[in-house]
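Residue numbers (this note's numbering): 1251 to 1388.
No residue lacks a Cβ here, since even glycine has one placed at the ideal position from N, Cα and C.
The structure under discussion appears below in the form of structure tokens.
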């Protein structure tokens, strides 16, 4: 079995997956802002669309972490923890106050972890499907 010429460490792969998280989340936020602006009451859509972008971004980071590390669910969980820590650190930036109360903010932060795990499960499944296709062609 051939080894790759450069091997990334587990933590480095999870940190590199955060760039995927940032890019996907930013693009989704731009798309969702365009959707919200076209609605009659955009203020009503801000929270659900923002959370959707956050969780889809965390899932994509989980997929990227599995692809980069070659590891399983643990890489998605570590990626989710890093994403949650980055989101928590960004929440200390002095923006106008949110209408979401503190217990719900904690729940929203904790839900980043399962989103990363779900992404790693999807990435792991796609990895195993691609490997089985390669074996069939040999």
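Residue environment: residue 1289 is assigned as exposed (fewer than 16 neighbouring CB atoms within 10 Å of its CB, all protein chains considered). Proximity to residue 1269 across 1298, 1302, 1285, 1310 peaks at 1310, based on C-alpha coordinates. Between the region 1320 to 1334 and the region 1350 to 1358, the count of Cβ pairs shorter than 8 Å is below three; the stretches do not touch.
Between the region 1357 to 1376 and the region 1312 to 1328, the count of C-beta pairs closer than 8 Å reaches three or more; the two stretches touch.
Judged by DSSP in its simplified three-state form, residue 1345 adopts coil rather than helix or strand. Between residue 1324 and residue 1258, the CB-CB gap reaches or exceeds 8 Å. Counting every other CB atom within 10 Å of its CB across the protein chains shown gives residue 1305 a total of 16 or more, marking it as buried.
Contact between residue 1366 and residue 1308 holds, since their C-beta atoms are separated by about 5 Å, short of 8 Å. The DSSP-derived three-state label of residue 1350 is coil.
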